[in-house]
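Numbering (my numbering), first residue to last: 36 to 463.
Just so you know, even glycine gets a beta-carbon here, dropped at the ideal spot from N, CA and C.
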């Protein structure tokens, strides 16, 4: 088998003309006879026992060609793609037979390939690194959060409810004078200011006292989940049963021992500062990555085939379906809950998929231009990392993740690191 020609077409399509020699095609026809004869009824012979020559005489010498061609296409096409140097993108393949017979097979296959890519302005990308400094006030906020987690709820009798208080009350909602489903509860506890209820509700409970009865007038948001309530004015009749406020404990070593893994206030503050610095460093690195990626994509020129976007969307949809399945849900049930159709659901991933494809193509281009190599040591280190992560033997990881695929991923990762190493970073 050999590749005769490779002709570029529009939209990242390439036409390959492939020749299968007489010996190879003849062997494929012989195999096709053995496969097809089992299903053939030929007069004068038991089913599956008719000689090949007799069948070809009755039905023509090309009777087994279709089966032979279907069997030979995958291997011939795979070899031709490798020989062409193009990278195949999963998409429809258009096949056209040029000639077929005793001399062999010649056919054309039009495939989708990765586009030619150019990327400009990727050297010395200017980025701004957010500040990772942690102030004393930031650390004090961590202490306040610890106080709130260990706060004691104290009943309030001598004043009305305030923002931050927890109010326990009964309520029933009415629209146009009629009670509606899901609008009634007894003994419901609500922290005022938490935003759990629709806008305007919690503010009207401020000032209410224990045993008070009051009407709360609100309007359901236009984006409310219940269709029959969207944009509707409503009245909630409420009765207050209890008001509680948080009583914060003193910040001392006793609080630290009871509420954390440390023994002293100083130890807690030192750890809080360290954690905040690590968190902000991570956020800063992500911000740098995002700026580099945006600049990289802006300098990308490529005629990206639609199949690359659709394949990436397919991957995201599949990942989403797996996550739903782990929660005991199906895609059909999710669609019913959200009222979405397949097209709208897929479109929700489109923008992310387009960016993902562009970033990948741009990083691959940088890796090629800058001759970034993945060494055997890089591969072994990555395999070892996966083995530790999944608790598997390295040999089994190597079977699950082919070296070619891992090499491509590592090349892209190293290209991203190269861009960061060569970026011009200004700190805020």
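Closest in C-alpha terms to residue 223, from the list 216, 206, 237, 211, comes 206. The beta carbon of residue 233 lies closer than 7 Å to those of 253, 255, 256 in the same chain, with the five residues before and after it left out. Inclusion of residue 396 and residue 337 in the CB contact set at 8 Å is warranted, their separation being smaller than that value. With respect to the 8 Å criterion, residue 52 and residue 124 are not classified as neighbours on the basis of their beta carbons. Under the three-state reduction of DSSP, residue 188 is assigned to strand. For residue 384, the three-state secondary structure derived from DSSP is helix. Inter-residue distance for residue 394 and residue 39 is about 34 Å (C-alpha atoms, whole angstroms). In this structure residue 417 is buried. Its beta-carbon is surrounded by 16 or more other beta-carbon atoms within 10 angstroms. The alpha carbon of residue 453 has as its nearest neighbour, out of 113, 356, 324, the alpha carbon of 324. Its Cα nearest to that of residue 329, the residue 157 stands out among 93, 157, 106. By DSSP's assignment, residue 139 forms a beta bridge with 136. DSSP, read as helix, strand or coil, puts residue 214 in strand.
With contacts defined as CB atoms closer than 8 Å, residue 241 and residue 192 fail to qualify as a contacting pair.
Distance check between residue 413 and each of 404, 401, 438, 402 places 438 closest, using alpha-carbon atoms only. In the DSSP assignment, residue 278 falls within the beta strand (DSSP E) that extends over 268–282. Contact between the region 362–374 and the region 305–323 is absent, with fewer than three C-beta pairs closer than 8 Å. Here the region 97–106 lies against the region 61–75, with 3 or more beta-carbon pairs under 8 Å apart. Annotation: residue 379 to residue 150 spans about 27 Å, alpha carbon to alpha carbon. For the pair residue 343 and residue 181, the Cα-to-Cα distance works out to about 49 Å. A Cβ-Cβ separation of about 6 Å places residue 279 in contact with residue 189 under the 8 Å criterion. Residue 146 and residue 365 have their C-alpha atoms roughly 34 Å apart. Burial of residue 340 is indicated by the presence of at least 16 other C-beta atoms within 10 angstroms of its C-beta. Ranked by how close their Cα comes to the Cα of residue 166, the residues 423, 377, 321 have 321 in first place. Residue 409 places its beta carbon 8 Å or farther from that of residue 361. Judged by DSSP in its simplified three-state form, residue 81 adopts coil rather than helix or strand.
Cβ-Cβ separation between residue 352 and residue 381: approximately 6 Å, consistent with a contact (criterion under 8 Å). Following the DSSP letters along the chain, one finds residue 76 in no alpha helix (DSSP H), marked with neither H nor E. Counted as a single uninterrupted DSSP element, the alpha helix (DSSP H) harbouring residue 106 occupies residues 100–119. Membership of residue 48 in any alpha helix (DSSP H) is not indicated; the residue belongs instead to the beta strand (DSSP E) covering 48–55.
In this structure, 345 is the residue among 373, 345, 363, 404 with its C-alpha nearest to the C-alpha of residue 384. Here residue 291 is buried. Its C-beta has 16 or more other C-beta atoms within 10 Å. In the displayed model, residue 367 falls within a helix according to three-state DSSP.
Annotated three-state conformation of residue 241 is coil, per DSSP.
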